[in-house]
Structure formats: structure tokens, C-alpha cells
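Numbering (my numbering), first residue to last: 28 to 1176.
In what follows, a single structure is set out as C-alpha cells and then discussed.
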Amino acid sequence: MNKKANCHSFLSKKKTYNFLLTIMRVFILFLCLGLSSAYAYNSYSQTKLTINVENATLEDLFEQIHSQSEFIFFYKDDVLKKDHKVTLNLKRSTVNEILDKALTQTGLVYKVIDRQIVISRQKIEPITKTFSDALTVQTSISGTVSTSDGSPLPGVNVLVKGTSTGTQTDFDGKYTLEVSSGDILVFSYIGFVTKELTFAGQSSMDVTLLEDASELSEVIVTGYTTQSARSITGSVTIVESEAIAATTPASLEQALQGQAAGVTVGVEGGPGGNSAVRIRGYGTINGNDPLYVIDGVQTGQGLNDLNPNDIKSIQVLKDAAAASIYGIGAANGVIVITTKNGNKNNKVSFNYSALTGVDFIPESVFPEFATPQQIADARWQALSNDGLALSHPQYGTGPNPVLPDYILPEGFVGTLDESTYSFPNNRITRANQAGTDWFDAFFDTAFVQQHNISATGGGENSKLYVGLGLLDQEGVGRATSFERYNLRVNSEFDITDRLRLGESVNVSYSERIGIIDPVGSSSNQNNEGQIASLYRSNPLIPVFDIQGNYAGTAGIGGVGNASNPIGQADRNAENPTETIRALGSIYAEVDIFDGLSLKTTFTADLTATKFSFFRPVDFENSAARQVNLLRETSTDIFNTNWYNILQYKKIFNGVHSVDAFVGTEFKKNRFEQFFAQVTNFLQDDPDFTFISAGTGVQTVGSGQSKSSSFSVFGKVDYAYDDKYLVSATVRQDQSSLFEGGNQDAVFPAFSLGWRLSGENFLEDSPIVDNLLLKFSWGQVGNNSIPAFRGITSFASNLNFYNYNGNTGFFLSNIGDPDLTWETTTTTNIGIAATLFNNALSVDLDVYEAVTEDMLLAVPVDPTVFGNTIGSIFRNFGQMTNRGFDLGITYSSNPERAFTYSVGLNVSHYKNEVDFLDESNLDQVIANPNLGSQTRFETTNTLAGEPISSFVGFTWEGIDPNTGRAIITGDARDIIGSPHPDFTYGINFDATYKNFDLSMLFQGSQGNDIYNLTRFWTDFSNFEGARSLDYIRNSWSPTNPGGTLPAFTLSADESVGSSYYIEDGSYVRLKNIAVGYTLGDAISEKLKLDKIRFFLQGKNLITITDYSGLDPEINLSNYTNQQQANLEIGVDRGAYPVSRSVNLGVNVSF
């Protein structure tokens, strides 16, 4: 596509190419650094240690080595002799030098593998054979024991079951053993599942051991530091990288759909569209977005600029006990994202993945419309029913309507001559008597491709990850697209034995062309946008006139006033939104002494966005724009954060575990925006339009806001014997967004855990592996308001009070100095269990969240405050959310050839506005309605009801005697709710030999949708398109059972009512993928570690009763947070989620 070459553009074509070239150079630079770092060192074993022990046991020596390094020792309990003592005094010695001296004359040997050290006996004593043994024919068998990723396992015990005959694997994981036919070999190793195999005469037997989940505890990032997943007593859901990779999402928010209990994701639909993520429903009116923490970088700007391929894991912190440590912005939950990094002492390895495919919208979901003749006949019947003359600008007069050969200009009499065509004054358009399928003209098959390459590795004192990604996605909607380029660099370096430095940086560039209305605003869910125009456009009008210019409604009567959606889309193709985003962190961490460490981190998040909107002269639409226009808007957002953590972590006497830290944090946020607009250019070519070239009205504006905060916080986690767990958090936040004494607030939280499986009555249970009861309570604050809302301010403009050229001032904001923190108090009770040898896991949380002093923009009376102020911010009302989150996973026996796992997550929440204002408990907060054309509201938020309840009259059906609609009740009666009874996700994964299968279903049950598109198509008050239902199901003497009123031109029956409410429940196959991994022999010939091919389908099956394009519109995206929350589940013409079929490959080398 063409790019604008405006002289002031910070994202010009030349700079874009330079930017991408810079990315490639940086990628190569860091790759070279990684290679040199990885090959400079080959093991942890070069770490220098100082050891001073006297008459100590080997266990004491191993503990001292562990305390000074990252080495972990593995050995059987009976390997070490308690009476063997060692005395050593070594300075700056390697671990090999230390162990060589310590194990002399012990009969023990060691092997250093990465950071693991395996201690084993030097030789297994021979077993004395009996006479019967001597008569048994024995055969020598050998093989290799390795992990699931192919790494050899030294020190594995290999025993003949029921005997004392056995051996151990050597340093390369190899073993040799004399066995007899029918012997059962038992392979066992600490931290791995024991495996038994029967010898059947083969000469070799290679074995793969799997990690034992019951003995492992995943370490995850929960709040500034890491924590064992086993010890978490708050409500946390983990989404691993495997689940993310399986769905190959374009954005990270999409990867959460159906994967995490309690998380709902609403997508905008178009390529590169934003997503609205909600954790446990809606907790407030003004802002419900969670806080995102990406490698320590806190942001509220979403995840669309990140490459999902770089992600290692996602942790969703749902209750206050888990989230409160982050304080400001964490009231709606926290999504902690950890990206990939390298491993020390690993050679550089590469991973490449590619995907290409097609996106499409099946025609089966398109609405069915009446033909032009059916519309004309219905019009004639409506005129007759209303007692009006049978006359129409297009259909003529007489007893029957006649479709014209040409679209007739209003008031035209005579015959059109195509030879007289001139543009734009005498355009001629042939009528499409067969009917234009506007949906088919707008939607088409689109292509998508993704490419990702990454390099990981590390040396003895360093680790590095470098990733480069490309996403190129066409939209199924005409002239929509999204391109994104990503570079990520993560590294860490050990400067000394105690000091570490590291960084994490992500840089991205994206260009998006979405759907916008004729005035340059986002038109997703906008009745003036392209999708809405598809419903409104009369099928008698073709896409183009006889000379290939856009056809339309200008100067034409009887065909409505919709804009040509194809013309809108094509003009918008030259209006990209370009974004450069750089976010990253740099940190230093020092180990002060055993158990005590200090870490300081600085993070920055910079987003620079430019939106160019050029509107050519538009002649074809009824609201034709005779003057072209160029508007360019640049927005810069710069957020920084500096935080420091002092942490103490220690285990006392083997049963008392303490993990405590205190910290400080200082944040600064800056927002700047500049726009310039000018009209009247000599030509409409966007490649030759500059702000300085316009000769018409020029408008320039700018804005800026700044805010800052300072916080002090601390947390203590204590566990006794891994059975009794206590966690306590306290945080004090100070925000510049409030005034005076309201700037400071303190938010406490605590949680308790009782591991019943550690008690005597369950310790030896054959069913229960782990059973933890949890309780938590906590408070979190929210300061989600614009800057300076606590003070009254004025602005100047010549348009106001212009006295002889002197600029006057007008009231721009009414401040409330009493504005204070919005506070959410959450109580959570939960249970976490693993059963049947870790085959079944269950997590259940039941919660209540109460939000007080909600921050809300309250409308003001213009007769009192003037028309320059639309609203003022106040603390206003209280809201309560109650619900539960349930997650269940079952995994089959991993030792079988066919393995599978099934997961189910179910969430329910019930939202209620307790009260809105002490002086008026039932006050209604109304959202902006569809506009003057509809004359009705769609949603309201009332005390005692859920946020954004659907309101309107009650549609009782059709009077069988008169054919008129029976409409009762009041315009503000509750007629439906966008909130589901529950949402759910079901995932299934299976492997058989080299094949793998992955499936994900996601659904919503019990929510309503306010289908406003039917306002345009099911009633006669507009002269656009008509639905087939309108023709078939309208009442008439011959159709007394009709469900729609008799044909009429009256608008009385199209008022807001329950007629527009539909069941929005659905279940959707979000993802299905089938993969095949080439065998080792082929991979080795290709000199590759692994190569996997896969075929994938997305959103291929949807089961729903909803009549619109897509039921997945419950969380439509808006720029204004309050508007987004006050109008949930209304379909004004949303861009649908596309289906996809993709083919891809993953290569490791």
C-alpha cells in the first residue's frame, strides 16, 4: 500500500525502512554476542568457590557448595556414609577441584551436568549366584536412559525387579546388565517417575524417564519476586507457553481465551484490533482493564505490540491477596507475563516457526435480505395500509411498483442517456434489479503469514535470548490489514559470584488499517461505519456507476441515506495507524549474604503513534463531502518506573520457611498529543497531500498530562512444615491524581493455607497427592481518572469571549478536591487438589469483591455549567461481584504410547450495583444511545441491577386482529442482561508416536445481545435494506401468525424494546491443530534437532442461536473506558471474528 510522505511524519516511509534495518542490525549484533558468550564458557564448573570445613560430613560440604553457587546435588540416600568426614580449606577453587579432594578414598564418583551434580558409587558389588541362577540362561542388555528432551541421565538405578541385581547408568546415561528372559527391569531416579519394562530377548533397551510432577514445584513470578506454585495461597491461574503456542495467536490477549478460569476476552474482530480483557467480570464503572506486568514492566496499554512467540508463561492474579502487592492499577486483577530467556552453559540453539493461511467469513452467517422487487412490493403494501398514495421516486406510480433501469435522481422526469454522463455533476447509475449483495462485496478471503526466529544460549556467567517476529495479516473486511515487526532481547550476566545484571527489551513497529467512519473515528460498533452500512444500504444501488465511480445516494430519493461501504473502505485504505513501542527493563541484583538479596530495577514503556486520515471529496453519498481534508495526529505515551526490592529467604531447621521482602516504587506517566488539520487540497492523491499544501481552514491543537506516584510495600510468606501457610501484604500508595490528604492510601491483604495432604490422616492416601485449603482477604486501590480532575480549570480560545481580538477564557473542568481512591475489597475461599498419582487436578475459588467510592464521570446540567463541560469526576456508589472459578485437568498415563489430557475451566460471576448516590439511590446513568435516528436508549446502569443492563419496552408480540405490535411497559424497564450465567473453556491434547492433536473449545452461556442491526432491516421507517424476515414474517390477512407488524411507514413500533434482545450463548471451536514430528533419523540427516509440521483451523465451528454475524461481541472495544463499560453486549454492526485455516512448521537446530 502507499505510504504518506509528509515532511513532519515521524513514521515516514524512509524512517520505517531505517527502523526495520536497525532491528536487523541489532538482531545480528546480539546474536553475535550470544554466540561469543555461549562458546566462551562451557560449564558452571569454572565458578570459583571458597570452602572451609573441618570434620564435616559430605552432606554439610554439599550444602556449603550449594549456598555459594547454583549447583544442586543428586544421590541416593544410602550412597553417602554418615561416618565419612572431610576437612578442606580451599580458596577460589572450582567445584571439580573441591570434589576431587573430598571424594578421595570414598568409593564415590561425581558427574557435573549443567548445574546438576550426580553422586554415585564407583562400582556395583557383584551378586553371588545360586545354583538355580547358574542354570538360567542370561543375556547382556544395554541401552541409554534420557529425559523427555533427550538429555542423558547419569546415576539412574537399573534393577531386576524382586532381586538385588542391578547397576547404574554412567555419565552418558548408558548401562549394561545381565538379565534373563521375562525379567522386569525397574528404572528409578530422584525427581522422575519410576518405569518398569519387561525384557523379551532384545539386545538393547533405551528408556525415557518423565519428571515426577508430585516432586516438582513450578517457580512462577507473582509479585516483584518469584514464588513456588505449591505455596501460593491466593487465586492464581497459570497459562504455559505450550498452550499459547498451540493456538498461534496474533495477539497475546487472544491466547487467554478459554485458557484461564475467570478471564473473559472480548475482541474487536478486525486485524490488529484491540481486546477487552476482564478478570472476574466487572468491578467498577470507569475502568475494568487489568494491570499487565511484562518482565517487570507495568502497563495498562494492552498486549497487541508483543509477539506471543516470545512468551514463556502467563500468570493471572485474580484476588486481592495475589494482586495487592502491585497496588495502583491492580484492582481489576494483574496479568504477569514472563518472556523466554537463555540458559547458562548452553550452546546457542535456534528455533524457527512459520505459518501461512487464509482467513474467511462463511456466507452462511451473512444475513438474508429481500430482493429489490420484494422491498418495492412491501413499500406499496405499507403505503396502502397507511392510506397513502401509491407513489415512489424510484418505483413510479400505479397499482404495482416497477423497478427502474437507472437509479433516478430526485425530481427527474424523462429518460437517462448514458452518453451525457459526466463526473461529478451528471453521474448515471444502472439499477441492480437482481440486488447488490453488499456483504459479499465487502468480505473476502484474506491471507495471513507469521515468521518467528529466536536464538537462545549462554555461557558460564551469562544467558541470552533474542527473538525476531513478523506478522502480516490481511483483513476479511475490505481494505483492512495489520502488520507487526518485533525484536526482543533478554539477557543476564554474572558480574561476580554475588552480582548479576540483566535486561529485557521489546521493540515493535506496527501498521494497522481498521474501519473508520467518514469523519475519521473508529467505526467498529458505529452506526455510521462500514459494517453498519452493509445492513443499511439499499440493494437496488450497485457498488459502482456506469463509469466505475462509486454509486450512492446523493441527490436520489427513496433509497435511504447509507454511505457506500465499499467506497468508505477503499478511501480508508490510505489511512494507517502506525505505532512504535519500546518497553523494557534493566536490573541489578546482589546477594548480600546467605538468604538476603537486593534488586533494583528501572523500567520504561514508550509508545509513539501516528494516525493519518485523508478524506477525499465524496460525491456519491447523501451526506456528500464536497471538500477534501487531511488530519494528522501524533500521540506519545512515556511511562517509567523505578523499584527496589530487599528480600530475605531462608529455611530454618528444615520446617520453618520464610520469604519476606520490602520495596519502594516511583512511577511517572506522561501523555502528549498533537494534531493538525487542513482542508481544500488541489487533488485527492494522498501521496501528494501535506498539511502545508491545503488552502482551506487550518486547525491545530495539542494536549499534555502528567502524573506520578510513590509507593512503599512489603510482603511476608511463612510456611511451617509445608503444611501451614501464611502470607501478609501491605502497601502504601501516594498518587498525584488526587489532592491534599487524599493522595495517600494504605491497602492490606493476607491469606492462609492448610495442606491437608501433609497431615497424618492423608499423608499415605493412595488417592490424594496434594490437598490445600485457601482463604484470602485484601484491599486494592484504583486511581483510574485523568490528571487534574481534582482542581477547577479554565482554557482560552478566540471562539469564546472574543472582545476586539482579545482571547477570553471558558470553564474547562470543575474540580472535586474531595476525590479519593476507589477501593475494592475481595474475599476468596479456595481449594487446590491433585489426585490419583497427579492424574487429576482440581482448583476451585469462590469470591466476593465489593468496590466502594467508584470513580465516575457524572454528567452535569448544561443550563447551570454551560456547554463546555460534559461531566465531572466524583466518587459515586458501590458495586458487588460474586462468583466462582473452577479448573479441572485430567492427564493419562504418560508412559503409554497414546497420551492425552483434558481440561475444563468454568467461571461464573454475578454483578450488582448496590447504590449510585446517597441522595438518589435509584439514579440512572444512561449511556450514549444510537443517536437521534433511534430515539431510544439501549443500556442503563441502575441501583439493584447489573452494570449495563438492557432497557426498553416489552415486545409482547403482534395483535392477530390488527397486525400492530403489542408494546408494554416503560422505556427504562430492564429487558435483558449482557452478563453470562457462566463462561467456559475445554481443551484436549493428545499424542501418539510422532503425531499430536490439540483442540480448544470456548463458550458463553446465558448472556443476551441487543441486536441493533435489526433496527435498520426489520422495520419500514428507513428506505434501505430489508431482511427476509421482514418480508416473510410480517402480519397480513393471509399471514395472521406473523411475528412482525403489518407493513407501515410508522416508526412507532421500532422503538427500543425486547424485540431486539437475542440469546447470545455460543460454543466455538477456537482452535484445532494436528501436527507431525519427523523421526530422529530424518532430523539427523537434515542436521536438525526437531522439525514439526502442522495443520490448524481456528473458529471453524460455532454453535449459536444468535442471528447476527458473530455472537462474540460481548466485550466490544471502545476508546472511552466508561462508555465501554456502560454499553456491553450491544451489536451495532461489529467486525466479526474470522475463520482460519493455516499450515505451519516448527524447526529447531
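Just so you know, even glycine gets a beta-carbon here, dropped at the ideal spot from N, CA and C.
### 6 Å CB neighbourhood of residue 672 in its chain, flanking five on each side removed
Residue numbering aside, residue 672 sits at position 645 when the sequence shown is read from its first letter. 251, 626, 688 and 690, listed in sequence order.
### Task
For residue 170, collect the residues of the same chain with a Cβ closer than 8 Å to its Cβ; drop the 5 residues on either side in sequence, then sort them by chain order.
Locating residue 170 in the sequence shown gives position 143, where the first residue counts as 1. Contacts found: 201, 202, 231, 232, 233 and 234.
### Query
Which residues mark the beginning and the end of the alpha helix (DSSP H) in which residue 404 is found?
Here residue 404 corresponds to residue number 377 of the sequence shown, with the count starting at 1. Start and end: 399-412.
### Task
Using only alpha-carbon positions, find the residue among 1065, 290, 444 and 294 that is nearest to residue 317.
The count along the sequence shown starts at 1 and reaches residue 317 at position 290. The residue with the shortest Cα to Cα distance from residue 317 is 290.
### Task
Kindly indicate the opening and closing residues of the alpha helix (DSSP H) around residue 128.
As a working note, residue 128 is residue 101 in the sequence shown. DSSP places residue 128 in the uninterrupted alpha helix (DSSP H) bounded by 122-129.
#### Entry: Neighbour-count burial assignment, residue 315, 16 or more Cβ in a 10 Å radius
Your numbering for residue 315 matches position 288 in the sequence shown. Counting the other CB atoms within 10 Å of its CB gives residue 315 a total of 16 or more, which places it among the buried residues.
### Query
In whole angstroms, what is the alpha-carbon distance linking residue 346 and residue 664?
Taking the sequence shown and counting its residues from 1, the one referred to as residue 346 is at position 319. Taking the sequence shown and counting its residues from 1, the one referred to as residue 664 is at position 637. Those two C-alpha atoms are separated by around 29 Å.
#### Entry: Check: residue 1106 C-beta below 6 Å from any heavy atom of the ligand ADP
Inclusion of the ligand ADP in the displayed structure is not the case, the ligand content being empty and no account of it being possible.
### Query
Name the DSSP beta bridge partners of residue 683, please?
Within the sequence shown, residue 683 is the residue found at index 656, counting from 1. DSSP, once it has assigned bridges, lists 679 and 747 as partnering residue 683.
### CA nearest to the CA of residue 390, picked from 488, 503, 279 and 439
Taking the first residue of the sequence shown as 1, we reach residue 390 at position 363. The option with the nearest alpha carbon to residue 390 is 503.
### Query
Which term fits residue 1140, buried or exposed, when burial requires 16 or more other beta carbons within 10 angstroms of its beta carbon?
As a working note, residue 1140 is residue 1113 in the sequence shown. Flag for residue 1140 reads buried.
### Query
Going by other Cβ atoms of all chains shown within 10 Å of its Cβ, with 16 needed for buried, is residue 1037 buried or exposed?
Looking up residue 1037 in the sequence shown gives position 1010. Residue 1037 is buried by the Cβ-count criterion.
### Query
Excluding sequence positions up to five away, which residues of its chain have a Cβ less than 7 Å from the Cβ of residue 683?
As a working mapping, residue 683 is identified with position 656 in the sequence shown. 747.
### Task
Could you tell me the boundaries of the beta strand (DSSP E) in which residue 485 lies?
Your numbering for residue 485 matches position 458 in the sequence shown. First-last of the beta strand (DSSP E) with residue 485: 473-486.
### Query
Of all the options 520, 1126 and 820, which has the alpha carbon lying nearest to the alpha carbon of residue 372?
Position 345 of the sequence shown, counting from 1, holds the residue named residue 372. The residue from 520, 1126 and 820 with its alpha-carbon nearest to that of residue 372 is 520.
### Message
Please classify residue 817 as buried or exposed, where buried requires at least 16 neighbouring CB atoms within 10 angstroms.
### Response
Taking the sequence shown and counting its residues from 1, one reaches residue 817 at position 790. Buried.
### Query
Got a sec, what are the start and stop residues for the alpha helix (DSSP H) residue 269 sits in?
Counting from one through the sequence shown, the residue named residue 269 turns up at place 242. Residue 269 -> alpha helix (DSSP H) spans 268-274.
### Message
So, at 6 Å on beta carbons, what are the nonlocal neighbours of residue 726 in its own chain, with the 5 sequence-adjacent residues on each side left out?
### Response
In the sequence shown, counting from the first residue as 1, residue 726 sits at position 699. Once the five neighbours on either side are set aside, the close Cβ partners of residue 726 are 704.
### Query
In whole angstroms, what is the alpha-carbon distance linking residue 866 and residue 635?
For this step, residue 866 is matched to residue 839 along the sequence shown. For this step, residue 635 is matched to residue 608 along the sequence shown. Rounded to the nearest angstrom, the two C-alpha atoms are 48 Å apart.
### Own chain partners of residue 287 with C-beta closer than 6 Å, once the 5 adjacent residues on each side are dropped
One-based indexing of the sequence shown puts residue 287 at position 260. Only 264, 266 and 343 meet the Cβ criterion.
### Message
Measuring alpha carbon to alpha carbon, tell me which residue in 361, 326, 466 and 406 is nearest residue 388.
### Response
Position 361 of the sequence shown, counted from the start, is the residue given in the question as residue 388. It is 466 whose Cα lies nearest to the Cα of residue 388.
### Query
Given that a residue counts as buried once 16 or more other Cβ atoms are within 10 Å of its Cβ, and exposed if not, what is residue 773?
Mapped onto the sequence shown, residue 773 falls at position 746. Exposed, because fewer than 16 other Cβ atoms sit within 10 Å of the Cβ of residue 773.
### Task
Starting from the C-beta of residue 631, find all residues in its chain whose C-beta is less than 6 Å away, skip the five residues before and the five after it, and write them out in chain order.
Locating residue 631 in the sequence shown gives position 604, where the first residue counts as 1. The residues are 667.
### Spatial distance of residue 1171 from residue 454 (CA atoms)
One-based indexing of the sequence shown puts residue 1171 at position 1144. One-based indexing of the sequence shown puts residue 454 at position 427. If you take the alpha carbons of residue 1171 and residue 454, they lie about 49 Å apart.
### Message
Using the three-state DSSP reduction, which class does residue 891 fall into: helix, strand or coil?
### Response
Numbered from 1 along the sequence shown, position 864 holds the residue referred to as residue 891. Residue 891 falls in the helix class under three-state DSSP.
### Message
Please state the DSSP three-state secondary structure of residue 961.
### Response
Along the sequence shown, one-based indexing puts residue 961 at 934. Low local confidence applies: a pLDDT of 46 at residue 961 is under 50, so the model's placement there is unreliable, and no value is given.
### Task
Ignore the nearest five residues each way along the sequence and tell me which others in residue 506's own chain have a CB closer than 7 Å to its CB.
Reading the sequence shown from its first residue, position 479 is the one you call residue 506. Cβ neighbours of residue 506 beyond the five flanking positions: 540, 596, 597, 599 and 600.
### Inter-residue Cα distance where the pair is residue 806 and residue 776
Translated into the one-based positions of the sequence shown, residue 806 becomes position 779. Translated into the one-based positions of the sequence shown, residue 776 becomes position 749. Each residue's Cα considered, the two are about 6 Å apart.
### Message
Please report the straight-line C-alpha distance between residue 874 and residue 915, rounded to a whole angstrom.
### Response
Along the sequence shown, one-based indexing puts residue 874 at 847. Along the sequence shown, one-based indexing puts residue 915 at 888. Rounded to whole angstroms, residue 874 to residue 915 spans 18 Å at the Cα level.
### Query
Do the segment 582-593 and the segment 612-626 make contact, defined as three or more Cβ pairs closer than 8 Å?
no
### Query
Does the segment 490-497 come close enough to the segment 469-478 to have 3 or more Cβ pairs within less than 8 Å?
yes
### Query
So residue 310 and residue 758 are in contact, right, with Cβ under 8 Å, and what is the actual spacing, rounded?
Here residue 310 refers to the residue found at position 283 when the sequence shown is read from its first residue. Here residue 758 refers to the residue found at position 731 when the sequence shown is read from its first residue. With a Cβ gap of about 18 Å, residue 310 and residue 758 do not count as contacting.
### Segments assigned beta strand (DSSP E), at least 3 residues, entirely inside the segment 273-326
290-294, 302-306, 318-321 and 324-326
### Query
Hey, residue 509 and residue 298: beta-carbon distance below 7 Å or not?
Your numbering for residue 509 matches position 482 in the sequence shown. Your numbering for residue 298 matches position 271 in the sequence shown. Closer than 7 Å, so yes.
### Task
Would you mind sorting residue 650 into buried or exposed? The rule is 16 or more other CB atoms within 10 Å of its CB.
Numbered from its first residue, the sequence shown carries residue 650 at position 623. Answer is exposed; the Cβ neighbour count stays below 16.
### Message
Within a Cβ cutoff of 6 Å, which residues of the same chain sit near residue 481, ignoring the five residues on either side of it in sequence?
### Response
Here residue 481 refers to the residue found at position 454 of the sequence shown. Closer than 6 Å at Cβ, skipping near neighbours: 378 and 494.
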